[in-house]
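Visitor: Quick one: structure below, then a few questions.
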Amino acid sequence: MPTEPTVSGPTRSLPAGRAAADVLDELRALRQADAPTRGGRTFAYVYDAGLDGLDELAAAAYTAYATVNGLDPTVFPSVARLENDLVGAVAGLLGAPGAQGTFTSGGTESIMLAVKAARDQARAVRGITAPQLVLPSTAHAAFHKAAHYLGLEVVVVPVDPVGFRADADAMAAALTDRTALVVASAPSYAHGVIDPVAEIAGAAARRGVLCHVDACIGGWLLPHLRRAGREVPPFDLSVPGVTSLSVDLHKYGYADKGASVVLYRDAELRRHQYFAHAAWPGYPVVNPTVQGTKSGGLLAQAWAVLQHVGEDGYTALAGRVAEASDRLLAGLREIDGVRVLGEPAAGLVAFTVLDGPAGGAPDLSLLLHLADEMRARGWYLQPQLSFDGLPPNLHLTLTPATVGQVASLVEDLGDALVSARALPPVTVDPGLAELAAGLDPETLGPDEVAAVLAFAGLAGDAGLPDRMAPVLVLLDALPGPLKERLLTEFVGSVFHV
Ligand SMILES: Cc1ncc(COP(=O)(O)O)c(C=O)c1O
Numbered sequence: 051m052p053t054e055p056t057v058s059g060p061t062r063s064l065p066a067g068r069a070a071a072d073v074l075d076e077l078r079a080l081r082q083a084d085a086p087t088r089g090g091r092t093f094a095y096v097y098d099a100g101l102d103g104l105d106e107l108a109a110a111a112y113t114a115y116a117t118v119n120g121l122d123p124t125v126f127p128s129v130a131r132l133e134n135d136l137v138g139a140v141a142g143l144l145g146a147p148g149a150q151g152t153f154t155s156g157g158t159e160s161i162m163l164a165v166k167a168a169r170d171q172a173r174a175v176r177g178i179t180a181p182q183l184v185l186p187s188t189a190h191a192a193f194h195k196a197a198h199y200l201g202l203e204v205v206v207v208p209v210d211p212v213g214f215r216a217d218a219d220a221m222a223a224a225l226t227d228r229t230a231l232v233v234a235s236a237p238s239y240a241h242g243v244i245d246p247v248a249e250i251a252g253a254a255a256r257r258g259v260l261c262h263v264d265a266c267i268g269g270w271l272l273p274h275l276r277r278a279g280r281e282v283p284p285f286d287l288s289v290p291g292v293t294s295l296s297v298d299l300h301k302y303g304y305a306d307k308g309a310s311v312v313l314y315r316d317a318e319l320r321r322h323q324y325f326a327h328a329a330w331p332g333y334p335v336v337n338p339t340v341q342g343t344k345s346g347g348l349l350a351q352a353w354a355v356l357q358h359v360g361e362d363g364y365t366a367l368a369g370r371v372a373e374a375s376d377r378l379l380a381g382l383r384e385i386d387g388v389r390v391l392g393e394p395a396a397g398l399v400a401f402t403v404l405d406g407p408a409g410g411a412p413d414l415s416l417l418l419h420l421a422d423e424m425r426a427r428g429w430y431l432q433p434q435l436s437f438d439g440l441p442p443n444l445h446l447t448l449t450p451a452t453v454g455q456v457a458s459l460v461e462d463l464g465d466a467l468v469s470a471r472a473l474p475p476v477t478v479d480p481g482l483a484e485l486a487a488g489l490d491p492e493t494l495g496p497d498e499v500a501a502v503l504a505f506a507g508l509a510g511d512a513g514l515p516d517r518m519a520p521v522l523v524l525l526d527a528l529p530g531p532l533k534e535r536l537l538t539e540f541v542g543s544v545f546h547v
């Protein structure tokens with residue numbers, strides 16, 4: 051009988067050293083508790099091209115460059131060659147003549163750098179010392195993070211509550227003499243809808259304000275969808291007024307995680323992204339990105355995947371995503387009480403469930419029961435909570451590997467919804483609501499945090515509960531700052547060493 055590999059508990063002691071095979075066995079064993087990353091049943095976080103040999107190619111390319119330090123292209127010139135190839139391909143697809151860019155570790159880093167470049171350009175060119183960042187309410191949280199790190203004031207503009215797209219007039223009205231950057235998404239993560247990029251960028255240009263298009267998730271899919279015959283509105287640097295754009299190759303480029311590109315309309319704007327420092331006794335530093343030392347492996351694997359899949363390959367993959375999306379939308383619209391949100395551009399779908407099979411209001415408890423029921427059936431659909439009048443929903447990121455799964459997904463969804471409707475609604479415990487209402491996130495002590503987390507079923511080392519509905523219903527009911535504080539504490543408790 052094969053022996054079960056042992057999974058050791060976390061420890062504060064230094065390992066004594068052991069056989070490589072043993073170490074790898076433990077890594078494989080640890081993975082068993084994770085959601086599957088291949089096979090098309092996990093609808094967030096993972097991108098499965100469903101292409102034989104692609105994972106092996108990425109791994110081999112990573113290995114070939116794992117020890118190369120991307121910090122210094124004068125010592126490792128092949129890094130510059132790979133990055134120029136890669137950014138050149140991105141600029142060819144999404145840029146304009148003269149566009150220049152940088153390979154980064156992901157969407158968040160690309161966004162961080164675009165916001166830094168805009169902040170520094172606004173200071174240098176327009177003399178802005180208290181910069182603002184104007185965002186539609188659906189802009190990715192990474193922009194709030196960038197503003198937090200970089201000291202910009204965020205101005206949030208509500209989106210159209212029916213179509214979930216940014217309101218171009220309201221965005222234009224929010225621009226001020228202090229606006230360093232305005233943002234549009236193509237598409238937004240939450241609802242998968244494309245903002246009116248041309249209108250937003252046009253208004254920005256008229257005021258001399260920079261405009262970033264967050265195409266992290268859509269930037270590689272949309273042009274290939276267009277090539278596959280779908281209608282896609284212009285959204286890239288060819289649109290007048292768009293001055294920068296982010297696109298993640300670790301999403302619909304199907305590279306392994308740690309691969310994105312930020313593109314600028316010209317070298318003069320990109321210059322503001324760089325950091326250089328020569329006033330210390332060590333080597334002269336020029337860092338285009340946040341990291342200093344970085345493995346050449348991530349760049350090499352992204353380059354290899356791009357070279358291998360190629361233009362026709364990406365077009366075929368985009369066609370499969372669109373096919374999955376068409377089939378899923380048709381299936382969802384057949385299920386009583388399910389409402390698809392907005393007009394998804396393909397790739398991402400968000401839907402809510404209504405409190406009656408024939409219609410009604412979005413029902414958070416039912417929605418979260420449905421997510422739990424689906425998880426019990428082996429599917430991961432991502433719950434998104436209500437925000438500023440926008441309904442709670444379940445988000446699905448579709449990939450080529452989804453196509454073969456759509457029929458069983460829709461069947462299980464119908465079945466799971468019947469089960470969810472039969473469950474008692476989840477409500478927030480009045481004792482907990484009372485406890486939470488009296489808490490000030492600014493002054494919350496460790497004991498109070500522990501009490502709320504325990505009440506919510508998230509105590510200590512117990513791990514996550516099987517059913518997340520009770521936890522998420524509570525979270526949905528809490529005011530934003532308290533929610534953020536508790537999430538911080540909760541994640542801190544997960545990384546408890
Ligand atoms: C539209 C959009 N922007 C930014 C990001 C952040 O990207 P990352 O998670 O790679 O940092 C995402 C991730 O899903 C996204 O969908």
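Throughout the sequence shown, residue numbering follows my numbering, covering 51 to 547 in sequence.
The C-beta atom is built at its ideal place from N, Cα and C for all residues, glycine as well.
Everything numeric in this text was worked out from a predicted model, so none of it was measured.
1) Note the first and the last residue of the continuous beta strand (DSSP E) segment covering Pro-186.
2) Fully enclosed by the stretch 390-423, which beta strand (DSSP E) runs are 3 residues long or longer?
3) If we count Cβ pairs, one from each stretch, closer than 8 Å, do we get three or more for the stretch 282-291 versus the stretch 402-412?
4) Is there at least one non-hydrogen atom of ligand 1 closer than 7 Å to the beta-carbon of Asp-267?
5) Please state whether DSSP places Ala-501 in a helix, a strand or coil.
6) Can the beta-carbon of Tyr-430 be found less than 8 Å from the beta-carbon of Thr-124?
7) Taking Cβ positions, are Val-297 and Ala-265 nearer each other than 8 Å?
8) Since I believe Tyr-97 is in contact with Tyr-304 (beta carbons under 8 Å), could you give me their beta-carbon distance rounded to a whole number of angstroms?
9) Here's the rule: buried if 16 or more other CB atoms are within 10 angstroms of the residue's CB, otherwise exposed. What is Ala-70?
10) Should Thr-113 be labelled buried (16 or more other beta-carbon atoms within 10 Å of its own) or exposed?
11) Of all Cβ atoms in chain B, is any one closer than 8 Å to the Cβ of Leu-378?
12) What does Gln-434 pair with, by DSSP beta-bridge criteria?
13) Enumerated in chain order, which unbroken segments of the beta strand (DSSP E) with a length of 3 residues or greater are wholly contained in the stretch 256-342?
14) Sorted by chain position, which residues of the same chain lie with C-beta nearer than 6 Å to Gly-392's C-beta, five sequence neighbours on each side aside?
15) Taking C-beta to C-beta, are Gly-381 and Val-460 nearer than 8 Å?
16) Taking the beta carbon of Tyr-199 as the centre, do at least 16 other beta carbons fall within 10 Å, making it buried, or is it exposed?
17) Among Ala-421, Arg-176, Ala-234 and Ala-99, which has the Cα closest to the Cα of Thr-188?
18) Excluding five sequence neighbours on each side, which residues of the same chain lie with their C-beta closer than 8 Å to the C-beta of Gly-151?
19) Out of Lys-195, Arg-81, Leu-435 and Ser-345, state which residue places its alpha-carbon closest to the alpha-carbon of Phe-126.
20) Which of helix, strand or coil does DSSP assign to Ser-155?
21) Below 7 Å, is the gap between the Cβ of Tyr-239 and the nearest heavy atom of ligand 1?
22) For a quick check, are the C-beta atoms of Leu-532 and Ala-486 less than 8 Å apart?
23) DSSP state of Ala-230, grouped into three classes?
24) Are Gly-308 and Leu-356 touching if we call contact CB-CB under 8 Å?
25) Thinking Leu-418 and Met-518 are a contact (beta carbons under 8 Å), I'd like their distance in whole angstroms, please.
26) Determine the closest residue to Gly-409 out of Phe-193, Gly-100 and Glu-384, with distance taken between C-alpha atoms.
27) Return the residue from the list Ala-395, Ala-372 and Gly-428 that minimises the CA-CA distance to Val-453.
28) Cα-Cα, which of Ala-483, Gly-120, Thr-538 and Leu-64 is closest to Val-336?
29) Please go through the same chain and pick out, in chain order, the residues whose beta-carbon is closer than 8 Å to the beta-carbon of Ala-326, but skip the five residues on each side of it.
30) Rounded C-beta distance between Val-184 and Val-205? I'm assuming under 8 Å.
31) Would you mind sorting Tyr-95 into buried or exposed? The rule is 16 or more other CB atoms within 10 Å of its CB.
32) Confirm, please, whether the CB-CB distance from Arg-228 to Pro-186 is below 8 Å.
33) By the DSSP assignment, the alpha helix (DSSP H) with Val-371 in it spans what residues?
34) So Leu-260 packs on Ala-230, CB below 8 Å; how close in whole Å?
35) Which residue from Ala-527, Arg-68, Leu-80 and Asp-75 puts its Cα closest to that of Gly-561?
36) Quick check on the DSSP output: the alpha helix (DSSP H) that includes Val-137 runs from which residue to which?
Guide: Reading off the structure:
1) Unbroken beta strand (DSSP E) run through Pro-186: 182-186.
2) Counting only runs of 3 or more, we get 398-406 and 409-412.
3) Verdict: no, contact absent.
4) One detail in the question is off: residue 267 reads as Ile in this sequence, not Asp. A distance criterion of 7 Å places the beta-carbon of Ile-267 in contact range of ligand 1, judged by its closest non-hydrogen atom.
5) Here Ala-501 sits in helix by DSSP.
6) Taking the C-beta atoms as reference points, Thr-124 is found no nearer than 8 Å to Tyr-430.
7) Taking C-beta atoms as the reference points, Val-297 and Ala-265 count as a pair closer than 8 Å.
8) Contact holds; Cβ gap of about 6 Å.
9) Answer is exposed; the Cβ neighbour count stays below 16.
10) Sixteen is the threshold: since fewer than 16 other Cβ atoms of the shown chains lie within 10 Å of the Cβ of Thr-113, the residue is exposed.
11) The displayed structure is made up of one protein chain only, and chain B is not part of it.
12) Beta-bridge pairing links Gln-434 to Asn-443.
13) Within the stretch 256-342, the beta strand (DSSP E) runs of at least 3 residues that lie entirely inside it are, in chain order, 260-264, 294-298, 310-314, 325-327 and 335-337.
14) In its chain, beyond the 5 residues on either side, Gly-213, Phe-214, His-241 and Val-243 have a beta carbon closer than 6 Å to the beta carbon of Gly-392.
15) Taking 8 Å as the cut-off, the Cβ atoms of Gly-381 and Val-460 count as close.
16) Classification of Tyr-199: exposed, given that the 10 Å Cβ count is below 16.
17) Out of Ala-421, Arg-176, Ala-234 and Ala-99, Ala-234 has the C-alpha closest to the C-alpha of Thr-188.
18) Excluding positions up to five away in sequence, the list reads Val-137, Val-140, Ala-141, Gly-145, Val-311, Val-312, Leu-313, Tyr-314 and Arg-320.
19) Per the Cα distances, Ser-345.
20) Ser-155 falls in the coil class under three-state DSSP.
21) True, at least one ligand heavy atom lies under 7 Å from that Cβ.
22) In this structure, Ala-486 lies closer than 8 Å to Leu-532 by Cβ.
23) Per DSSP, reduced to three states, the secondary structure at Ala-230 is strand.
24) No, the Cβ-Cβ distance between Gly-308 and Leu-356 is not below 8 Å.
25) With a Cβ gap of about 7 Å, Leu-418 and Met-518 count as contacting.
26) Considering only alpha carbons, the answer is Glu-384.
27) It is Ala-372 whose Cα lies nearest to the Cα of Val-453.
28) Selection Ala-483, Gly-120, Thr-538 and Leu-64 evaluated against Val-336 yields Gly-120 as nearest (Cα-Cα).
29) Only Pro-334, Val-335, Val-336 and Asn-337 meet the Cβ criterion.
30) With 8 Å as the limit, Val-184 and Val-205 qualify as a contact, their Cβ atoms being about 5 Å apart.
31) So Tyr-95 ends up on the exposed side.
32) No; because the gap between Cβ atoms is not below 8 Å, this pair is not in contact.
33) First-last of the alpha helix (DSSP H) with Val-371: 347-384.
34) Going by Cβ atoms, the distance from Leu-260 to Ala-230 rounds to 7 Å, so yes, they are a contact pair.
35) It is not possible to answer for residue 561, since the shown part of the chain is limited to 51 through 547.
36) Taken as a continuous stretch (DSSP letters only), the alpha helix (DSSP H) holding Val-137 covers 127-144.
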